[in-house]
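> Just dropping this structure here.
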Amino acid sequence: MSSKPYKRRNYFIKQDLQGRYILGYFLLALGAVIFFVLIFAMLTSNTMTISYEENTLRLGRTPLILLKQFFAANWVFLLLGSGVLVVLAMMLTHRFAGPLYKFEKYIEEMSSGRLGAPLYLRTHDEGKELAGKIGAMSQQLAQSWRELDEIARQLEQEGGARLDCDGCRRSAELLRQLRRVLDRYTVNT
Amino acid sequence: MKYLAYILLIVLFCSAFSAYFLLRRPAVSQDEVALIINERRISSAEYNDPSVGRLNHVADDNAYRETFIARELLIQEGKRRGIDQEEDFRRSIQRYYEQSLVKVLMDRQYATLQPEATSEDVARYLALRSTLVRFTVLRYSREEDVERGVLLSSESRQAVFEELSSTLRVSLATLSPGSSTVPAWDGLGYEALRLDAVEPGNAGDFPPPDLELVRQEIINTRRELRMNEWLTQLRRNAVITIPSRKQ
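Sequence lines, in order, name chains A and B. Under the working numbering, read the first sequence as residues 22 to 210, first letter to last. Under the working numbering, read the second sequence as residues 8 to 254, first letter to last.
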């Protein structure tokens with residue numbers, strides 16, 4: 022599975038992690054908007070604004086006169102901006118959530134006995150260094166497996182010629198156990 | 008997914024709040040509509056608003072209705088032509104705004120001034136009525152000069168008391184020979200009056216005084232003088248910097 026360089030199409034692959042970050046980005050943007058409104062209100066609190074709306078002349082402090090427009094602008098931002106923000110945040114968080122998911126799956130495969138498979142990440146993914154180190158570790162384990170496999174094969178050939186030897190039965194049993202352990206693993210060639 | 012649900016909840020809550028705040032003004036119902044002029048629905052409340060000119064509530068006041076329609080049509084035409092976006096229109100509003108502001112302030116300040124005229128004041132005023140007064144107008148250019156007594160100019164005058172302006176009469180009536188009024192700002196500089204001498208006059212006969220009129224004149228003039236003092240005080244409290252090249 023991980024040996025093929027495939028494209029992840031699910032951008033919301035680690036929902037809990039990405040969800041938390043997306044909510045964080047959303048709240049940050051919302052806070053920034055409120056902060057902007059407060060600063061604007063503070064800077065314009067000493068200015069007067071006159072507006073003529075629906076045949077009514079309104080005169081008052083700028084922040085109060087523009088209160089309705091503030092709400093309208095923030096509402097539009099929430100409706101349109103939040104959708105865009107969620108999609109953008111999902112794509113951004115996917116750059117590290119995707120590799121995390123990939124690492125989990127790769128280590129699961131290693132645990133189930135598959136060694137030496139290549140680990141591919143996408144061009145803009147984060148964690149390429151970690152991916153390289155995990156891949157190298159897997160290759161190293163695969164190499165060690167090959168060496169052990171070769172030693173076991175030689176022992177099997179030599180042991181077969183001397184089955185009548187005293188104590189060789191115990192060695193043959195241990196060799197069979199080693200072979201069983203080695204057979205649990207699959208190594209990419 | 009629960010975090011996306013939180014975002015959705017926030018958006019929905021804010022939308023509900025904004026919608027309530029922005030759209031809460033109910034549309035004018037058909038029953039409340041008094042007039043519809045070029046798709047603009049005018050409610051009965053707006054139609055009968057006294058500030059627009061409605062002074063009575065006669066149901067079939069055709070004259071008022073025609074006036075209202077003509078006014079609304081003119082407003083709509085003015086807006087259609089974009090006159091309300093023009094610089095001249097903005098200047099007119101600015102002038103009106105500033106004049107209104109100054110007028111309201113002056114009216115309020117004027118209403119707070121309650122000068123009195125005692126019988127002694129009236130008697131003193133009447134005693135000077137047929138006299139010849141000699142007085143000097145003292146002019147100072149700046150407030151610092153007032154404090155240091157540096158005169159810009161002084162002008163001695165003499166005149167029959169009754170022929171002076173009411174401001175001069177009331178000001179001089181409060182002085183004894185040798186004393187001066189407090190310098191007040193007159194728009195060009197600070198000006199004070201010093202009473203130099205009072206001499207018996209040989210002016211003609213004056214009609215018998217109406218004491219109430221005299222008292223009222225003293226009160227009105229004092230009120231004007233107090234207003235000038237207040238303006239002088241405003242100027243004194245202000246920080247005014249005139250660049251040297253423009254002096």
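All residues carry an ideal CB built from backbone N, CA and C; glycine is no exception.
Hey, how far is the Cα of SER187(B) from the Cα of ARG98(B)?
Going by the C-alpha atoms only, they are around 44 Å apart.
> Starting from the N-terminal side, write out each stretch of the beta strand (DSSP E) that is 3 residues or longer and does not extend beyond the region 34-115 of chain A.
The region 34-115 of chain A contains these whole beta strand (DSSP E) runs: 69-74 and 77-82.
> What are the residues that DSSP puts in a beta bridge with THR207(A)?
In the DSSP output, where bridge partners are listed per residue, THR207(A) has ARG135(A).
> Taking SER163(B) as the reference, give the member of SER107(B), GLU84(B) and ALA199(B) with the closest Cα.
Closest option to SER163(B), Cα to Cα, is ALA199(B).
> Between SER51(B) and GLU39(B), which are expected to be in contact by the criterion C-beta below 8 Å, what is the C-beta distance as a whole number of angstroms?
With 8 Å as the limit, SER51(B) and GLU39(B) qualify as a contact, their Cβ atoms being about 5 Å apart.
> Chain B beta carbons: is any one of them nearer than 9 Å to that of SER24(A)?
For SER24(A), the predicted structure reports a pLDDT of 46, less than 50, and the residue's modelled location is therefore unreliable. A value from the coordinates is still provided. False, the Cβ-Cβ gap to chain B never drops below 9 Å.
> Going by DSSP, what residue range makes up the alpha helix (DSSP H) through ALA23(B)?
Run containing ALA23(B): 9-30, per the alpha helix (DSSP H) assignment.
> Measuring straight from C-alpha to C-alpha, what distance separates SER24(A) and LEU121(A)?
Confidence at SER24(A) is low in this model, with a pLDDT of 46, below 50, so its placement is unreliable and the value that follows should be read with caution. Each residue's alpha carbon lies about 16 Å from the other.
> Which residues in chain B have a C-beta closer than 9 Å to the C-beta of LYS89(A)? List them in chain order.
Chain B residues near LYS89(A): PHE28 and LEU29.
> What does LYS159(A) touch in chain B if you count any residue whose Cβ is under 9 Å from its own?
Checking the sequence, you will find Ser at residue 159(A) rather than Lys. Ordered by position in chain B, no residue passes the 9 Å Cβ test against SER159(A), which lies about 33 Å from the chain.
> Cβ of ARG47(B) less than 9 Å from any chain A Cβ?
True, the Cβ-Cβ gap to chain A drops below 9 Å.
> Return the CA-CA distance between LEU203(A) and ILE17(B), expressed in angstroms with no decimal places.
Rounded to whole angstroms, LEU203(A) to ILE17(B) spans 56 Å at the Cα level.
> Under 9 Å between the Cβ atoms of LEU179(B) and VAL221(B)?
It is not a contact, given that the beta carbons lie outside the stated cut-off.
> For the candidate residues GLU93(B), ILE44(B) and PHE96(B), whose alpha-carbon lies nearest to that of ARG78(B)?
The option with the nearest alpha carbon to ARG78(B) is ILE44(B).
> Do you know offhand how far THR239(B)'s Cα is from ARG79(A)'s?
Approximately 34 Å between the Cα atoms of the pair.
> Just reading off the beta strand (DSSP E) that GLN165(B) is part of, what are its end residues?
Run containing GLN165(B): 160-167, per the beta strand (DSSP E) assignment.
> Report yes or no: do the region 153-161 of chain B and the region 125-139 of chain B share at least 3 C-beta pairs separated by less than 8 Å?
At 8 Å Cβ cutoff, the stretches do not touch.
> Spell out whether any CB of chain B is found under 9 Å from the CB atom of ILE34(A).
False, the Cβ-Cβ gap to chain B never drops below 9 Å.
> When Cβ atoms are compared, which residues of the region 104-117 of chain B fall closer than 9 Å to chain A?
The region 104-117 of chain B vs chain A, Cβ under 9 Å: TYR104.
> Given that LEU99(A) touches chain B, what residues does it touch there, using C-beta distances under 9 Å?
What LEU99(A) touches in chain B: ILE17, VAL18, CYS21, SER22 and SER25.
> Starting from the Cα of GLU169(B), find the closest Cα among ALA204(B), LEU195(B) and LEU133(B) and give me that residue.
Looking at the Cα atoms, LEU133(B) is the closest of the given residues.
> Which residues in the same chain have their Cβ closer than 6 Å to the Cβ of MET22(A), if we skip the five residues on either side of it in sequence?
The pLDDT assigned to MET22(A) is 42, lower than 50, so where the model puts this residue is not dependable; a value taken from the coordinates is nonetheless given after this. Counting only Cβ-Cβ distances below 6 Å, and skipping sequence neighbours, we find nothing.
> In whole angstroms, give me the CA-to-CA distance for THR65(A) and GLN90(A).
In a straight line, the C-alpha of THR65(A) is about 14 Å away from that of GLN90(A).
> If we count the other Cβ atoms within 10 Å of its Cβ and call it buried at 16 or more, is LYS123(A) buried or exposed?
Buried.
> Are GLY137(A) and LEU162(A) touching if we call contact CB-CB under 9 Å?
Cβ atoms of GLY137(A) and LEU162(A): closer than 9 Å.
> Determine whether the Cβ of LEU11(B) lies closer than 9 Å to any Cβ atom of chain A.
Yes, its Cβ sits closer than 9 Å to a Cβ of chain A.
> What number of angstroms, rounded off, separates the C-alpha of LEU29(B) from the C-alpha of SER251(B)?
Going by the C-alpha atoms only, they are around 54 Å apart.
> So with CB distances below 8 Å, who are the chain B contacts of ARG41(A)?
Those within 8 Å of ARG41(A) in chain B are TYR10.
> Do the CB positions of GLY185(B) and LEU202(B) come within less than 9 Å of each other?
In this structure, LEU202(B) lies closer than 9 Å to GLY185(B) by Cβ.
> Under a Cβ-count criterion, where at least 16 other Cβ atoms within 10 Å of its own Cβ denotes burial, should GLU219(B) be classed as buried or exposed?
Looking at its Cβ environment, which holds fewer than 16 other Cβ atoms inside 10 Å, GLU219(B) is exposed.
> Quick check on the burial criterion: 16 or more other C-beta atoms within 10 angstroms. Buried or exposed for THR228(B)?
Buried, since its Cβ has 16 or more Cβ neighbours within 10 Å.
> Output yes or no for whether 9 Å exceeds the beta carbon distance between THR70(A) and ILE86(A).
Yes.
> Listing by chain order, which chain B residues have their CB less than 8 Å from the CB of SER72(A)?
Residues of chain B passing the Cβ test: none, with the nearest at roughly 11 Å.
> Thinking C-beta only, is HIS145(A) closer than 9 Å to TYR32(A)?
Not a contact, by the Cβ cut-off of 9 Å.
> Output the residue ranges of the alpha helix (DSSP H) runs that lie fully inside the region 113-186 of chain B and measure 4 residues or longer, sorted by chain position.
Complete alpha helix (DSSP H) runs here, min 4: 126-134, 150-155 and 173-180.
> I need the boundaries of the beta strand (DSSP E) containing ALA199(B), first residue and last residue.
That run of the beta strand (DSSP E) goes 197-207.
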